[in-house]
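Residue numbers (my numbering), protein chains in the order written: chain V, 2 to 314; chain P, 6 to 279; chain X, 59 to 386.
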């Protein structure tokens, strides 16, 4: 058994708004071991990005967070901000979404990567910059020495993604969160990024947040499917993607172009007013009356494989 | 500013009080503001609440009568400026293309010339007068507003409902009046309040520099006369202070009111003032 | 590429300047009752016709309009901006002298207000909603609503008249007649005008900076900076500020026009012999050639400020090439 690096227990994340509280994450339990890649699958609005941000405490100050996020024997939610800052970028790093806007337009790429290195490893600027160039090379950016002196707007989408990855890897974190790294990329670039991740993921724990099922299939050891703020299904990648238990997962797979592209009817519920009982029941084809009355818990459907569905209860 | 509703009504109340003074000046003021009514440079007493100026005119009466000029300059100036700016902004933003280009380029050139010095020269050209000042301020002041209004119009012009109306065959002027105008009305309203404040201050400033209407009682001219004729040296605070305080207070009330209006429209947007 | 940009910019500025020359010329010469008569009315109750005739000839008003225009227009670009009626000297000469003194108070005031405005505006925006922010914001709103002439008057009264800390006006004490101009003395006299101008313009810069920071705060790269583990102050200083300052550069022309206006009032009240006070005097005596020249100078200042801004902006924002129109 590999050592558990991240242990999330009972995590609830809510955003107070004028119309009510947005329950982005409702009592989530999650464990990631030190060398495994967990893919977090879900549609937009399922709460997956929020989960990633919550781990690093990057959410707005008025967010309501409950539960525990245990990392290296410490509960990240209770440690002082000072200590959290020491973790960020060093022990836990995140590759943020929207590479186009996630880099500061007025500084060179090399400077921005060097900043993280100087901060955590105490290197002076020249040393940090040359390390930055090494990192750019490691993420396979051609002519890294020159590119380090360029500005973000001069990079293409795929290259910016690599820069963000290099930035996250700057201090060799033991835990990496990747938020939608393949979003908006063309298929060739996408493949290159996935190859890169295949290499990187070997040495650390990775939470790979994505809506791209094929990416999950390519990289993940385990897959968690998120729906309306909670896990619909979680288990080994082969099991979840190969013989999915939850109707939502099945629907997701069926909607892939190569499997028939049949969309799931209806739309995801608002996270403010959630349906009674099973949250997927309004759209489920195998729905029964029980589904609308009781809220199902995660039920074991195979070794290490769980589904939140009345079908198995 | 905090205390939304309180700010709104309180500031509006103050403005109304000033308006009341302006309206009922002939009744409230004890003396005719141009009449000689006692000894010059007299200290305040029971008859002359604020004493008299160098021409032996009652300062208190002049203060009250001065409200008219102040409000006139502010309101009429703002009316002209906002109307003109809105019309040009809507036309330019809606039609776009060559029309927009020409108008914007022209405005770019005119905007380079500083507003106030130009206003001064034009005031001399047309001879100082209260109507002249209001109109000049209105025309010159409209230029700045055009940009802001135009950008709002630009985003509205491509809104779905506008495109749909166009598809129905509606004429440009119809769309502009019935669909675009209501959309920018809140913006225009807030702009009006801030413009009124701004033009009031500038109008009084003109008076202070001696460019005011000589036939009208004007707080700016009062301050000017006071500081030029020994008000500072002789310490005649009852002559010097009241007009300035009156302007400042009204200006604050209008600004406060403007922000309260803005908060009502959209609590999240922080717009550029004036 | 840079050359064509400079040429284009110069052309555009020349057009703007040329337009103001044209406007001022036609204003002056199409006046109901020409400006000579207006000026003479200040001196004589009814101007004797021979005097009017003499002035007209001297100022070339008896020539055809088009000839006058071309004389004037070409004159402007050669440094001949007309002749002042009240000073009996070339307009440009008078203006240049006074311009120096205006700059003596304008430049320090601008410099101070930019630095202070940026710092407190950034802090205010970054800590939006905090007690400091609300206090500053309300304070600035209050300050901005006070008319500049009133503010100047109050400052003069409080600090000069009642407290006696600073002199009542002018730029040197009477002792200068004997000892020559002492820089410390000038500084003493300049202190209040500079302070007043500073108060006048710091509000605008505060606002701009605060708004700018508010918009920067929500950007994704700020989240990235946090994710790196940087502390809040560093993020503000290094990541937010640089981006937030960009809109400030583009609005410099507006600030400039405001400063020019402010200096008219400040100089008049503090009897500071600069361009602003000159404006006031010229207004009083209806010296229109001089006023025209002042308007041209003011326009020129704004044009130069604009060009400077356009050239500086690309230095700060690497996304913009020199030559792009950033003010669209």
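Where a beta carbon is used, it is the ideal one built from N, C-alpha and C, also for glycine.
Below-7 Å beta-carbon distance, residue i vs any chain X residue
i: residue 106 (chain V); result: yes
i: residue 118 (chain P); result: yes
i: residue 81 (chain P); result: no
i: residue 166 (chain V); result: no
i: residue 130 (chain P); result: yes
i: residue 18 (chain V); result: no
i: residue 260 (chain P); result: yes
i: residue 138 (chain P); result: no
i: residue 202 (chain V); result: no
i: residue 275 (chain P); result: The predicted position of residue 275 (chain P) is uncertain, since its pLDDT is 41 and thus under 50; a value taken from the coordinates is nonetheless stated next. Yes, residue 275 (chain P) lies at the interface with chain X (some Cβ there is under 7 Å from its Cβ).
i: residue 257 (chain P); result: yes
i: residue 13 (chain P); result: no
i: residue 63 (chain V); result: no
With 16 other Cβ atoms within 10 Å as the buried cut-off, status of residue i
i: residue 12 (chain V); result: buried
i: residue 219 (chain X); result: exposed
i: residue 134 (chain X); result: buried
i: residue 136 (chain X); result: exposed
i: residue 10 (chain P); result: exposed
i: residue 258 (chain X); result: buried
i: residue 241 (chain P); result: buried
i: residue 187 (chain P); result: exposed
i: residue 255 (chain X); result: buried
i: residue 134 (chain V); result: buried
i: residue 248 (chain P); result: buried
i: residue 181 (chain P); result: buried
Chain P within 7 Å of residue i, Cβ atoms only
i: residue 285 (chain X); result: no
i: residue 353 (chain X); result: yes
i: residue 152 (chain X); result: no
i: residue 342 (chain X); result: yes
i: residue 141 (chain X); result: no
i: residue 207 (chain X); result: yes
i: residue 318 (chain X); result: yes
i: residue 384 (chain X); result: Its pLDDT being 47, under 50, residue 384 (chain X) is placed unreliably in this model, and the coordinates cannot settle the point.
i: residue 144 (chain X); result: no
Cβ shell of residue i (< 7 Å), same chain only, five flanking positions each side left out
i: residue 173 (chain V); result: none
i: residue 305 (chain X); result: 266, 270
i: residue 298 (chain V); result: 309
i: residue 20 (chain V); result: 273
Boundaries (first-last residue) of the beta strand (DSSP E) holding residue i
i: residue 36 (chain P); result: Note, residue 36 (chain P): premise wrong, no beta strand (DSSP E); not H, not E.
i: residue 269 (chain P); result: Segment 242-270 is the alpha helix (DSSP H) holding residue 269 (chain P); no beta strand (DSSP E) there.
i: residue 15 (chain V); result: 5-18
i: residue 26 (chain V); result: 21-34
Residues near residue i by beta carbon distance below 6 Å, same chain, minus five either side
i: residue 356 (chain X); result: 318
i: residue 8 (chain V); result: 32, 71
i: residue 98 (chain V); result: 180, 181
i: residue 235 (chain V); result: 225, 307
i: residue 119 (chain V); result: 129
i: residue 212 (chain X); result: none
i: residue 146 (chain P); result: 86
i: residue 166 (chain X); result: 252
Endpoints, the alpha helix (DSSP H) within which residue i is located
i: residue 24 (chain X); result: There is simply no residue 24 (chain X) to check, as chain X begins at 59 and stops at 386 in what is shown.
i: residue 136 (chain P); result: 135-162
Minimum Cβ-Cβ distance from residue i to chain V less than 7 Å
i: residue 295 (chain X); result: no
i: residue 114 (chain X); result: no
Contact set for residue i: own chain, Cβ-Cβ below 8 Å, skip 5 residues either direction
i: residue 100 (chain V); result: 158, 161, 162, 164, 165
i: residue 51 (chain V); result: 14, 25, 26, 60
Near the ligand GDP: residue i beta-carbon under 6 Å from a heavy atom
i: residue 318 (chain X); result: Looking at this structure, you won't find the ligand GDP or any other ligand, since it has none at all.
Amino acids of chain C, ordered along the chain, whose beta-carbon sits closer than 8 Å to that of residue i
i: residue 103 (chain V); result: Included in the structure are the protein chains V, P and X, with no chain C among them.
Members of the stretch 76-91 of chain V that neighbour chain X once the beta carbon cut-off is set at 8 Å: Hits within the stretch, in order: 86, 87, 88, 89, 90, 91.
Members of the stretch 204-219 of chain P that neighbour chain X once the beta carbon cut-off is set at 7 Å: Per Cβ criterion, the list reads 206, 209, 210, 213, 214, 215, 216.
Residues of the stretch 264-293 of chain X with Cβ closer than 8 Å to any Cβ of chain V, in chain order: So the close ones are 277, 278, 279, 281, 282, 283, 284, 285, 286, 287, 288, 289.
Interface residues of the stretch 174-200 of chain X facing chain V [CB-CB below 9 Å]: Taking 9 Å as the Cβ-Cβ cut-off against chain V, none of the residues of the stretch 174-200 of chain X qualify.
Residues, ordered as in the chain, of the stretch 356-375 of chain X that lie near chain P by beta-carbon distance below 9 Å: Listed by position along the chain: 356, 357, 359, 360, 361, 364.
Residues, ordered as in the chain, of the stretch 30-54 of chain V that lie near chain X by beta-carbon distance below 7 Å: Of all residues in the stretch 30-54 of chain V, none has a Cβ within less than 7 Å of some Cβ in chain X.
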